[in-house]
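K.L.:
Numbering of the sequence shown is given in my numbering, commencing with residue 434 and proceeding in unit increments. Quick reminder that beta carbons are idealized off the backbone N, C-alpha and C, glycines included. In this text the structure is predicted, and so the values were computed from the model without any measurement. Okay, here's the structure, questions in a sec.
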Amino acid sequence: MEKIYRIITLAILIAISSINFVNAQVNCQQLLKKKISFQDLDSGKIERIFKDFTQLKACGLDSNALEIISDPPLFATLIIPFMDYGKKKNVTYQHIFDKIIEFQNSDEFPFLKRSHDATKALKNKNVDLKNWVADSKLLLQIPLDSNEVEDFYNYLKANPSKDYTYFDAWGIFKSLATKQQQTSKDLGMEEKKNDSPRNIEDALFRGKYNTMTLAEIFLEADSLNRNVVIYFTGWNHIDSRKLELSLFDDKKLNTKLLHEFLFVILYIDDKTRMDEIPNLKKDEYSTGNIIIGQRSQKIQQRYLSSKDIPAFILLDSKGKLIKALSKNINKETLRSFLTY
434 MEKIYRIITL AILIAISSIN FVNAQVNCQQ LLKKKISFQD LDSGKIERIF
484 KDFTQLKACG LDSNALEIIS DPPLFATLII PFMDYGKKKN VTYQHIFDKI
534 IEFQNSDEFP FLKRSHDATK ALKNKNVDLK NWVADSKLLL QIPLDSNEVE
584 DFYNYLKANP SKDYTYFDAW GIFKSLATKQ QQTSKDLGME EKKNDSPRNI
634 EDALFRGKYN TMTLAEIFLE ADSLNRNVVI YFTGWNHIDS RKLELSLFDD
684 KKLNTKLLHE FLFVILYIDD KTRMDEIPNL KKDEYSTGNI IIGQRSQKIQ
734 QRYLSSKDIP AFILLDSKGK LIKALSKNIN KETLRSFLTY
């Protein structure tokens, strides 16, 4: 359940998807008997499956549970357990429906709903310190650490702006805070002592380098005398979700990625508009009216001449490819890949 919690939290903090639920009459019995094939499972197929599931609100599925699992990574995680089962027996929509009902009735669901609702509200709420008392309660419901919330308040006072939502302002604040932390080697060593496996994994997936241009990344890599590791993945990609569940639960491996390299995650199917992350507009791969996923694909095409995921590449601080890892990825092969 801890792994599911991490994935849910990650999905909620990175992106909240909006859904238009289907209000038409639904033949629940017929839909629940529908079989699911896991052969050639790609992002398009997952989206079609999920579109069917939005209709199940008419069959007794809680709309809040549907909205929380609307992010493709979480929905993909829910159907992963049925992949091996599906090789032996038929998997129907009833199986997935029951799994979501189980999630809906779990002890964690009320907490996750509060977190989801708070994040959704903050994504649409402009910064206004006159309402800080009420707004700070939403931040604590995500949940965020009370000390971080206080630091965030001090940052907002020093940098007033009505043009940002709390969600956007938090992202900028965390990016600046991370940069300040990483310029201090002593502080970095102290952080290593206090890193838990979950905190390290969280730092990997929310790292500031994910929203920096490659030029900025290479400049910082040069100043820190580190190489760069880029992980190409996809929100909707089943193999990537399975890999991450098994790969990034290793504290030593994660610590190595976090403290010896500049670790970057690029999602090739990210549909976020480029104007939502203004800094990336400066990137040489962001020309034209494209989305984040298209930029990621351009970078992958340059270094790998392939769109296959998951994949890792290792670059020096000048942007030169040292080596790549795109087949037989596991903890052992990744450790070997990081040793050069």
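1) Quick one: using the 10 Å Cβ neighbour count with 16 as the cut-off for buried, is residue 744 buried or exposed?
2) With a threshold of 16 other CB atoms inside 10 Å of the CB of residue 642, please say whether the residue is buried or exposed.
3) Give me whichever residues DSSP pairs with residue 706 in a beta bridge.
4) Does DSSP classify residue 526 as helix, strand or coil?
5) Going by DSSP in three states, residue 658 sits in which element: helix, strand or coil?
6) How is the beta strand (DSSP E) around residue 744 delimited, first residue to last?
7) Assign residue 766 to buried or exposed, taking buried as 16 or more other Cβ atoms, counted over all protein chains shown, within 10 Å of its Cβ.
8) If we ignore side chains and look at the alpha-carbon of each, how far apart do residue 733 and residue 726 end up?
9) For the alpha helix (DSSP H) holding residue 685, just list the boundary residues, first then last.
10) For the beta strand (DSSP E) containing residue 713, name the first residue and the last one.
11) Straight-line CA distance for residue 542 to residue 695?
12) Should residue 729 be labelled buried (16 or more other beta-carbon atoms within 10 Å of its own) or exposed?
13) Enumerate in chain order the residues of its own chain whose CB-to-CB distance from residue 464 is below 8 Å, with the five nearest sequence positions on each side excluded.
14) What is the DSSP secondary structure of residue 651, reduced to helix, strand or coil?
15) At the level of alpha carbons, what is the spacing between residue 500 and residue 655?
16) Starting from residue 567, follow the alpha helix (DSSP H) in both directions and report where the run begins and ends.
17) Rank 664, 498, 549 by C-alpha distance to the C-alpha of residue 748 and give the top, closest one.
18) I need the straight-line Cα distance from residue 717 to residue 532, nearest angstrom please.
19) Taking only the alpha-carbon atoms, compute the straight-line gap between residue 544 and residue 574 and give it to the nearest angstrom.
20) Can you check which of these residues, 637, 660, 669, is closest to residue 687 by C-alpha distance?
21) Between which two residues does the alpha helix (DSSP H) harbouring residue 757 extend?
22) For a test of the three-state rule: what should DSSP assign to residue 761, helix, strand or coil?
23) To the nearest angstrom, how far is the alpha carbon of residue 768 from that of residue 681?
P.N.:
From the atom records:
1) Classification of residue 744: buried, given that the 10 Å Cβ count is 16 or more.
2) Its Cβ being crowded by 16 or more others within 10 Å, residue 642 is buried.
3) 724.
4) Residue 526 carries a helical assignment under DSSP once its states are collapsed to helix, strand and coil.
5) Looking at residue 658 - three-state DSSP - the assignment turns out to be coil, as it is neither helix nor strand.
6) Per DSSP, residue 744 belongs to the beta strand (DSSP E) from 744-748.
7) Its Cβ having fewer than 16 others within 10 Å, residue 766 is exposed.
8) The alpha-carbon atoms of residue 733 and residue 726 are separated by roughly 10 Å.
9) Here the alpha helix (DSSP H) through residue 685 covers 684-693.
10) Per DSSP, residue 713 belongs to no beta strand (DSSP E) and is neither H nor E.
11) Cα to Cα, residue 542 sits roughly 35 Å from residue 695.
12) Buried, since its Cβ has 16 or more Cβ neighbours within 10 Å.
13) Once the five neighbours on either side are set aside, the close Cβ partners of residue 464 are 485, 488, 489, 492, 526.
14) In the structure shown, residue 651 sits in a helix (DSSP, three-state: H, G or I).
15) Approximately 43 Å between the Cα atoms of the pair.
16) For residue 567, the enclosing alpha helix (DSSP H) has its first and last residue at 565-574.
17) Restricting attention to 664, 498, 549, the CA atom closest to the CA of residue 748 is found in 664.
18) Rounded to the nearest angstrom, the gap between the Cα atoms of residue 717 and residue 532 is 44 Å.
19) If I take the Cα positions, the gap works out to 8 Å.
20) With respect to the C-alpha of residue 687, the residue from 637, 660, 669 having the closest C-alpha is 637.
21) Per DSSP, residue 757 belongs to no alpha helix (DSSP H); it is in the beta strand (DSSP E), 754-758.
22) Coil at residue 761, not helix or strand.
23) The alpha-carbon of residue 768 is positioned some 12 Å away from that of residue 681.
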